[in-house]
Structures are given as C-alpha cells and as structure tokens.
Amino acid sequence: VIGDWQEACALLSVLKSSVECTARAELTPVVGKLLNSLLLAYTYDESDLGQQKLLSGANETLLALVMKLSEAQLRPLYARIREWRGDIDELEKDDTGATKRYAFWSMSAVLSKELRSIFLPCLSSVLVDAIKELEYASSKLCGNDLFSKNAGGKKRRRLGGGEDDLNPYSLKPLQPILLCLESALKADAYEGGNWIRGDDGQRHTLILEPLGKLLQAKIPSGVPVAASLEEKELTTCTSAYQKLVEGVGTLDYGSVVGCIRALAMAAGDEQMWKPINHALLEACSVDDRPEVRKVGISCLKSIMESIGEEYMVLLPECLPILSELLEDEEEEIAGLARECVTLGEELLGESLEDSLS
242 VIGDWQEACA
252 LLSVLKSSVE
262 CTARAELTPV
272 VGKLLNSLLL
282 AYTYDESDLG
292 QQKLLSGANE
302 TLLALVMKLS
312 EAQLRPLYAR
322 IREWRGDIDE
332 LEKDDTGATK
342 RYAFWSMSAV
352 LSKELRSIFL
362 PCLSSVLVDA
372 IKELEYASSK
382 LCGNDLFSKN
392 AGGKKRRRLG
402 GGEDDLNPYS
412 LKPLQPILLC
422 LESALKADAY
432 EGGNWIRGDD
442 GQRHTLILEP
452 LGKLLQAKIP
462 SGVPVAASLE
472 EKELTTCTSA
482 YQKLVEGVGT
492 LDYGSVVGCI
502 RALAMAAGDE
512 QMWKPINHAL
522 LEACSVDDRP
532 EVRKVGISCL
542 KSIMESIGEE
552 YMVLLPECLP
562 ILSELLEDEE
572 EEIAGLAREC
582 VTLGEELLGE
592 SLEDSLS
C-alpha cells in the first residue's frame with residue numbers, strides 16, 4: 242500500500258528518467274517488474290490530490306516505457322493492464338473496481354492521444370468495454386429505460402435503476418473514456434476514417450447510441466468531473482452538465498460534445514452523419530431544458546463548420562428545427578440558430594428564407 246504519495250511521485254519521476262535513458266534491449270527483461278510498480282500506483286485512492294498526482298506520474302512513466310517498445314510488444318502489455326483492471330460487468334460492485342477502471346481509461350486516454358492511429362488496435366480490443374461503460378453512464382444519468390444492442394444483435398440487460406441508486410464514484414471513468422475515444426477518432430479521421438467505418442459501421446452505431454443519450458443527461462452535483470477552470474468559476478458559473486456534456490473547461494479532460502464532433506469528422510459520409518444529425522436535432526427539441534437545446538444547436542453548428550459543404554445534404558432535415566429555434570425564448574439559442582442558417586446559406590450559395598417560412 243502506498244502511504245506517502247509524495248514520496249511515491251518522486252520515485253516515479255526517477256523511474257521515468259531511468260526508462261528514458263535505457264535502451265529497448267535492456268528494458269525488455271524488466272518490463273514486467275516496471276509494470277507491477279505502475280499498477281501499484283494506479284490503485285491508490287486515499288486522497289483525490291494524491292490519486293491525480295500518482296496517476297499522472299504513472300501515466301508519464303508508462304508512456305516513456307511504451308515509446309521504447311515495438312507495436313508487437315505494446316499489445317500484450319496493454320492486454321495485461323486490461324486483465325489487471327478486471328471484469329466490468331458489475332460496474333457498481335465496489336470502489337476499488339472503479340479506481341482501477343478510472344486508472345485504466347485515464348492511461349488509455351494518454352496512449353490514445355500520444356500514439357494516435359498506432360493505438361487503434363488496442364482500442365479495438367477494449368471497445369466493447371468502453372461501450373458498456375457509456376451505456377452504464379447513460380442508464381444512470383438519462384433514466385432506467387435505456388438499453389441498446391450489442392454487436393451480436395442481442396439486447397443488453399439494463400445496467401441501472403436511475404439516479405436514485407447512483408454511486409457517483411462509479412461514473413468517474415466516464416470522462417477519460419470520452420477523451421480516449423475523442424483522441425482515437427481524431428487520429429482515425431486524419432488517416433481517412435477506416436477504423437470507424439470498418440466492421441460494417443457497427444463501431445459507429447455502438448459509440449453513437451449512448452453518446453446521443455448523454456446529450457440529454459442530468460448530471461448530479463456529486464458526479465466527479467475534472468475541469469481546468471478556476472475553482473470559483475466552477476462553483477458559481479459552470480454546471481456539471483456544461484463541463485461533462487458541453488465541454489466547458491474540459492478540453493483536456495473529455496466531454497460528450499467533443500467526442501461526437503470527432504465521431505462526425507471520422508465518419509466522413511452521409512450514411513453515418515445522418516444518425517449523428519438526428520441525435521443533435523433531438524437534443525435541440527427538448528422543450529424544458531434550454532441547456533440541452535443549446536448543446537444540440539452549438540454542436541450542430543460546429544460540425545457544419547468543420548465538414549462544410551458536404552454536410553449540406555442533411556440541411557433540409559435541420560430546417561424545421563432551426564425555424565423553431567430562431568424563435569427560442571433563450572436569446573443565445575436563437576442566435577446560434579441564426580448562425581447555422583447563415584452558415585448554411587454561405588455553403589449553399591443561396592437564401593434559405595423561403596424554406597424557413
């Protein structure tokens with residue numbers, strides 16, 4: 242057990258420097274021992290500050306190690322860490338499991354960002370786990386009647402009973418999962434989107450379904466959300482929904498909207514854009530929650546800006562919702578809708594006034 246996390250952080254720093262200065266051939270025989278040391282650090286959960294510092298140090302050291310290894314060595318190393326994390330079928334069994342899951346996905350997010358497309362085979366090996374985590378989060382934050390189908394076509398069992406029996410700590414892995422997927426999808430988009438379009442589009446469907454539900458999540462204040470804003474701003478101005486879903490102050494930590502944008506960029510064709518567009522329009526239609534409408538219309542605008550003229554094939558199905566939002570009682574939402582219309586007119590080279598009336 243790591244009692245003094247400050248001392249452990251210092252040791253990790255020394256370990257990282259040693260790894261960086263050691264040749265691959267000399268590291269290979271001690272990879273197992275190095276990994277055991279890092280896994281010990283990953284289990285620390287005595288204090289939030291200590292956990293974050295140790296997690297950061299362990300991730301930096303693991304990344305230094307991975308950079309010395311070949312792709313062939315990376316996959317069994319990652320598989321071993323997955324085995325250490327354990328099964329995630331019982332997501333609320335205990336906090337120790339949540340600590341391991343949080344560490345695993347935080348580590349995966351670091352590798353996904355730094356290794357880019359090299360990490361995609363590793364992500365493929367745990368994608369089903371990531372989907373289970375996302376479905377669990379959506380079942381807890383969006384109601385207990387949500388379920389989906391797995392890659393085999395069978396309905397999954399319901400994973401929760403709603404907010405009443407929520408263990409907030411069990412949702413701590415959600416943010417690093419979103420960041421891991423966002424980084425991977427950005428890398429895939431850069432490489433042409435072959436990963437997300439592979440498997441007959443099933444990866445796209447499985448990822449999007451819980452993300453679409455999470456656009457309408459209700460985030461209790463107790464759910465852990467990392468952000469880079471000042472503490473005063475967090476408590477007085479920014480809701481948990483804004484941070485976790487909209488992405489306010491969480492650019493480096495993960496958000497639902499960031500992940501959906503990356504998914505749209507990687508998808509690259511109308512067939513896969515259409516369900517994304519549908520999820521956003523559903524969010525734009527939530528009458529009693531202006532924060533959800535704002536997220537829906539701002540994400541739609543961002544995707545239109547990023548993809549450009551090719552996305553205009555879906556504009557006709559957006560126009561009825563845009564027409565309604567132009568009259569929204571929230572001035573900011575009406576303004577975003579007007580910006581979407583203006584952007585559409587610029588991309589099409591024609592006026593949309595007749596279509597909106």
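Under the numbering used here, read the sequence shown as residues 242 to 598, first letter to last. All C-beta atoms in this analysis are idealised placements derived from N, C-alpha and C, irrespective of residue type, glycine included. As the structure is a prediction and not an experimental result, all values here were calculated from the model.
Note down the Cα distance separating E570 from M513, rounded to an integer number of angstroms. 32 Å
With a 10 Å radius around its C-beta and 16 neighbouring C-beta atoms as the bar for buried, classify M308 as buried or exposed. Result: exposed.
Under the rule that 16 or more other beta-carbon atoms within 10 Å means buried, what is K274, buried or exposed? Counting the other CB atoms within 10 Å of its CB gives K274 a total below 16, which places it among the exposed residues.
Under 9 Å between the Cβ atoms of P417 and S347? yes
Quick check on this structure: which residue in G327, E432, L361 and E511 has the alpha carbon closest to the alpha carbon of G549? E511
I562, enclosing alpha helix (DSSP H) - first and last residue: Where I562 is concerned, the enclosing alpha helix (DSSP H) starts and stops at L556 to L566.
What whole-angstrom Cβ distance do A503 and E423 have, given they're in contact under 8 Å? 5 Å
I460, DSSP secondary structure in three states: coil
Straight-line gap, D289 to L276 (C-alpha atoms, nearest Å): Taking the straight line joining both Cα atoms gives about 23 Å.
With 16 as the cutoff for other CB atoms within 10 Å, does Q483 come out buried or exposed? Q483 counts as buried, since at least 16 other C-beta atoms from the protein chains shown sit within 10 angstroms of its C-beta.
Please determine, among V260, N300 and V464, the residue with the shortest C-alpha to C-alpha distance to L352. N300
Ordered along the chain, which non-local residues of its own chain (more than five positions away) have a Cβ less than 7 Å from that of A371? I418 and L422
Straight-line CA distance for H519 to A458? 17 Å
Express the C-alpha separation of V582 and E573 in angstroms, rounding to a whole number. Each residue's alpha carbon lies about 14 Å from the other.
Can you name, in chain order, every residue of its own chain whose Cβ lies under 6 Å from the Cβ of G298, other than the five neighbours on each side? C250 and L253
Alpha-carbon to alpha-carbon, I517 and L281: The alpha-carbon atoms of L281 and I517 are separated by roughly 40 Å.
Distance, Cα to Cα, R342 vs S564? If you take the alpha carbons of R342 and S564, they lie about 44 Å apart.
My output table needs one value for E550: the three-state DSSP class, helix, strand or coil. helix
Helix, strand or coil: how does DSSP classify K257 here? helix
Please look up how many angstroms separate the CB atoms of K542 and L584, rounded, as I've assumed it's under 8 Å. Contact holds; Cβ gap of about 7 Å.
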